[in-house]
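Residue numbers (the numbering used here): 139 to 578.
All C-beta atoms, glycine included, are put in the ideal place defined by N, C-alpha and C.
All figures in this text were calculated on a predicted structure; none of them were measured in a lab.
Heads up: the structure comes next, in C-alpha cells.
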Amino acid sequence: MLRRDILLFLSPDNDSKVQIMKIAIYGLGYVGLTSAGCLTSEGHHVIGVDVSEDKVREINAGRSPIYEPGLQELLISAVKDGRLVCTTNGAQSTSACDMAIVCVGTPSGSDGSHNMSYIAEVSRQIASTVNRNRKVPLTVVYRSTIRPGTINELILPIFSAILGEDIGVIELVYNPEFLREATAIKDYFNPPKIVIGTIDGKINDRMEELNKNLKSQVFYTKFLESEFTKFVDNSFHALKVSFANEIGRVAIKLGINVAKVHEMFIADTKLNISPYYFRPGGAFGGSCLPKDVRALQYISSDVGANTPVIDSLIRSNEAHKNFLYDLVTKNLASGSSILMLGLAFKKNSDDLRESPQVDLARKLLQAGFVLLVYDPSLTPSKLVGQNLGYAYSHLPSLPRLLINETDLSQKSFDLVVDTNGTSQDHAINGKKSINIHAFI
Ligand SMILES: NC(=O)c1ccc[n+]([C@@H]2O[C@H](COP(=O)([O-])OP(=O)(O)OC[C@H]3O[C@@H](n4cnc5c(N)ncnc54)[C@H](O)[C@@H]3O)[C@@H](O)[C@H]2O)c1
Numbered sequence: 139m140l141r142r143d144i145l146l147f148l149s150p151d152n153d154s155k156v157q158i159m160k161i162a163i164y165g166l167g168y169v170g171l172t173s174a175g176c177l178t179s180e181g182h183h184v185i186g187v188d189v190s191e192d193k194v195r196e197i198n199a200g201r202s203p204i205y206e207p208g209l210q211e212l213l214i215s216a217v218k219d220g221r222l223v224c225t226t227n228g229a230q231s232t233s234a235c236d237m238a239i240v241c242v243g244t245p246s247g248s249d250g251s252h253n254m255s256y257i258a259e260v261s262r263q264i265a266s267t268v269n270r271n272r273k274v275p276l277t278v279v280y281r282s283t284i285r286p287g288t289i290n291e292l293i294l295p296i297f298s299a300i301l302g303e304d305i306g307v308i309e310l311v312y313n314p315e316f317l318r319e320a321t322a323i324k325d326y327f328n329p330p331k332i333v334i335g336t337i338d339g340k341i342n343d344r345m346e347e348l349n350k351n352l353k354s355q356v357f358y359t360k361f362l363e364s365e366f367t368k369f370v371d372n373s374f375h376a377l378k379v380s381f382a383n384e385i386g387r388v389a390i391k392l393g394i395n396v397a398k399v400h401e402m403f404i405a406d407t408k409l410n411i412s413p414y415y416f417r418p419g420g421a422f423g424g425s426c427l428p429k430d431v432r433a434l435q436y437i438s439s440d441v442g443a444n445t446p447v448i449d450s451l452i453r454s455n456e457a458h459k460n461f462l463y464d465l466v467t468k469n470l471a472s473g474s475s476i477l478m479l480g481l482a483f484k485k486n487s488d489d490l491r492e493s494p495q496v497d498l499a500r501k502l503l504q505a506g507f508v509l510l511v512y513d514p515s516l517t518p519s520k521l522v523g524q525n526l527g528y529a530y531s532h533l534p535s536l537p538r539l540l541i542n543e544t545d546l547s548q549k550s551f552d553l554v555v556d557t558n559g560t561s562q563d564h565a566i567n568g569k570k571s572i573n574i575h576a577f578i
C-alpha cells in the first residue's frame, strides 16, 4: 500500500497523461533511485544501472537499499509490475531507450573539486553503446551536480570523439536535481523550480514530456548557467545556516532571546527574506552597513563567539571594490577620460560616507585617469558634519570633479561608468560605457 501523503504527490492534478518512455537511469543512489521510483509511478519503464551488485540485487528484489520515505512502496510496485529492472551491465541499456538519465556520484576530490571520473565513465559507456542507426536521438540527461563547463569541455568531447559524424544520435541535456533527502519524493513532484540546460538554451520536447505533471516554473538556459545554478543554491543555503548559527552564537553569549531575534528577522520580508540585495553589481557602503558590520565583528570577538562569516564581510566587500576597479580600467589607456555617474553611496542621496564610488574615484585619479563626476544630488557646499569630513579627506578635489547637466550633454568621454543607474536618464557621449551598478 502506498502512503496517503505520497499518493497525493503521485497524482498532481493528473489530467494530462504522460507519454510513456523507456528510460535508462545510471547511478541508483538517492537521486537515481528516487527518480526511478517516481518515473515508474507515472508509468514510465526504467532500466536502472549501477556498478554495485548489492544495490542491484536489493532493488530487483523490491527492497530499497536507502531509506527515503515512500520509496520502498514505489519500488515494490514498480518491480512487481515489471516497470523497473536493474542491472550492473550498462552496455546494452540504452538500445531501446528514449532517454538516459545520469545520476552517478560526483564526490569531493582531495582538493575540493568534484571527482568527475564516474561522469566520464558513464558518458563513455553511453557513447560507445548507443545505436548509431537511431532515427530519433537518445536524450542523455545529466542530473548529477557538475562543475560549470563540464558538458561543453568534458562530456561533449567524449561523445564527439566516440561518435564522430554520428553525434546526432544523441542530444545532451543538463537538468539539475533540487530534491532534499527525507522529502525526496515530494520534492521530485513539487520542485522549487525546474532548470533545463540545452546546447542553445531552447526548449526540449522530451524534457517537456518528462515534466508534464510538474507544475513548477521551468527555466530553459544554456549549459553553463544550468550547471552553475546548483552551486549558487547550495552555497546560499550553507551561508544561511552559517549566518543564522553565528547570530545565534553571539546572541546566546550576550544573553539575548534567540527565538525573538529570529522571529523579528524573518518577519521582515521587505529587506531580509526577499529578493532585495541579491543583484550582483555594486559594493555595499554608506553610513550604516560597513559601520555596523564592523561593530558586530567587534562584539562577536569581544564575547568570543568566533564568527568567520560575519568577519569576512568587509574583506569580501573590499575584494569586490578591487574587482570593480579592474573591470573599469581593463583595456583603458592611461590618461583616458572617464565620466562617473553617481558618487554618493546610492542614487538620490548626497551621503558620501564610505561610498564605494568615492574609493573608486580616488583610485582612478591616483592611476592618472582624467575623471569627471555627475551626481545631481550632490552639492559640495551643502555637505555638513561627518559627511563633509569624509568627502574632503577621501577626495580633496571633489568640487573640481563635479559637472552639471549641460556639461554632461556637451562633453565626450572615453568611458562612462554608471554606478547607480543614471545612464538610463541621459544621452551621454561616451566611446564606451560600463554599468557597475547592476551586472544584470
Ligand atoms: N543526495 C541528494 O540529496 C542530492 C540532491 C541533488 C543533487 N545531488 C547530486 O546528484 C548526484 C548523485 O547523488 P546521490 O546522493 O544520489 O549519490 P549516491 O552516492 O547516493 O549514488 C551514486 C550512485 O552512482 C553509482 N555509480 C557510480 N559509478 C557508476 C557507474 N559508472 N555506473 C553506474 N552507477 C555508478 C554508485 O554506485 C551509487 O549507487 C551527485 O552529483 C549529487 O551531488 C544529490
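With distances taken from CA atoms, which of the options is nearest residue i?
i              : options                        : result
tyrosine 164   : Arg201, Leu222, Gly208         : Leu222
glutamate 259  : Pro295, Arg432, Thr336         : Pro295
glutamate 456  : Leu498, Thr467, Thr445         : Leu498
valine 307     : Arg270, Asn573, Ser571         : Arg270
threonine 232  : Leu276, Ser190, Asp219         : Leu276
leucine 171    : Thr288, Glu319, Thr336         : Glu319
histidine 183  : Leu209, Lys218, Ile289, Ser246 : Lys218
asparagine 469 : Lys569, Lys459, Gln495         : Lys569
threonine 178  : Lys273, Asn313, Ile158         : Ile158
glycine 167    : Glu401, Asp488, Arg281         : Arg281
leucine 310    : Asp304, Lys429, Leu317, Phe297 : Phe297
glycine 228    : Ser547, Ile161, Ile334         : Ile161
glutamine 504  : Lys484, Leu481, Ser519, Thr467 : Thr467
leucine 509    : Lys484, Glu191, Tyr205, Phe551 : Phe551
leucine 209    : Glu365, Ser439, Cys176, Asn383 : Cys176
asparagine 349 : Phe366, Pro329, Leu362, Ser246 : Pro329
aspartate 440  : Ala389, Ser531, Lys398, Asn372 : Ala389
isoleucine 305 : Ser266, Phe416, Thr288         : Ser266
The beta strand (DSSP E) with residue i in it runs from where to where?
i             : result
glycine 568   : 567-573
serine 550    : 550-556
threonine 277 : 276-280
cysteine 426  : No beta strand (DSSP E) holds cysteine 426; DSSP gives it neither H nor E.
Closer than 8 Å, CB to CB, is residue i near chain D or not?
i             : result
threonine 267 : This model lacks chain D altogether, as it is built from one protein chain only.
For residue i, is the classification buried or exposed, using 16 other Cβ atoms within 10 angstroms of its Cβ as the cut-off for buried?
i                 : result
threonine 544     : exposed
lysine 368        : buried
alanine 216       : buried
aspartate 343     : exposed
lysine 353        : exposed
arginine 432      : exposed
methionine 478    : buried
asparagine 152    : Here asparagine 152 scores only 47 on pLDDT, less than 50, and its place in the model is too uncertain to base an answer on.
histidine 564     : exposed
threonine 244     : buried
cysteine 241      : buried
leucine 533       : buried
proline 314       : buried
proline 413       : exposed
histidine 375     : exposed
leucine 146       : At leucine 146, the pLDDT of 47 sits below 50, so the modelled position is not reliable; the number obtained from the coordinates is stated separately. Per the 10 Å Cβ criterion, exposed.
aspartate 338     : exposed
methionine 402    : exposed
serine 149        : Model confidence at serine 149 stands at a pLDDT of 46, short of 50, so the residue's coordinates are unreliable and nothing is read from them.
phenylalanine 422 : buried
glycine 393       : exposed
In the DSSP assignment, find the unbroken alpha helix (DSSP H) run with residue i in it and report its ends.
i              : result
cysteine 235   : No alpha helix (DSSP H) holds cysteine 235; DSSP gives it neither H nor E.
valine 242     : Unbroken run through valine 242: none, as it is neither H nor E.
tyrosine 312   : From DSSP, tyrosine 312 is part of no alpha helix (DSSP H) but of the beta strand (DSSP E) over 308-312.
isoleucine 296 : 294-301
threonine 178  : 168-179
leucine 462    : 451-467
Measuring straight from C-alpha to C-alpha, what distance separates residue i and residue j?
i              : j                 : result
glycine 559    : leucine 490       : 17 Å
lysine 360     : glycine 527       : 49 Å
glutamate 180  : serine 261        : 26 Å
leucine 536    : alanine 322       : 58 Å
asparagine 486 : serine 515        : 6 Å
leucine 434    : isoleucine 448    : 8 Å
leucine 539    : tyrosine 463      : 18 Å
tyrosine 358   : isoleucine 341    : 6 Å
serine 571     : phenylalanine 461 : 17 Å
lysine 501     : serine 425        : 21 Å
proline 494    : lysine 484        : 10 Å
isoleucine 284 : tyrosine 436      : 39 Å
arginine 387   : alanine 443       : 6 Å
leucine 362    : threonine 445     : 33 Å
query = Curious, which full-length alpha helix (DSSP H) runs of at least 4 residues does the stretch 314-347 contain?
reply = 322-327
message = Suppose only complete runs of 4+ residues qualify. What are the alpha helix (DSSP H) ranges in the stretch 369-409, listed by chain order?
response = 396-405
query = Which runs of the beta strand (DSSP E) fall wholly inside the stretch 500-566 and span at least 3 residues, in chain order?
reply = 508-512, 550-556
query = Which runs of the beta strand (DSSP E), 3 residues or longer, sit entirely within the stretch 471-504?
reply = 475-479
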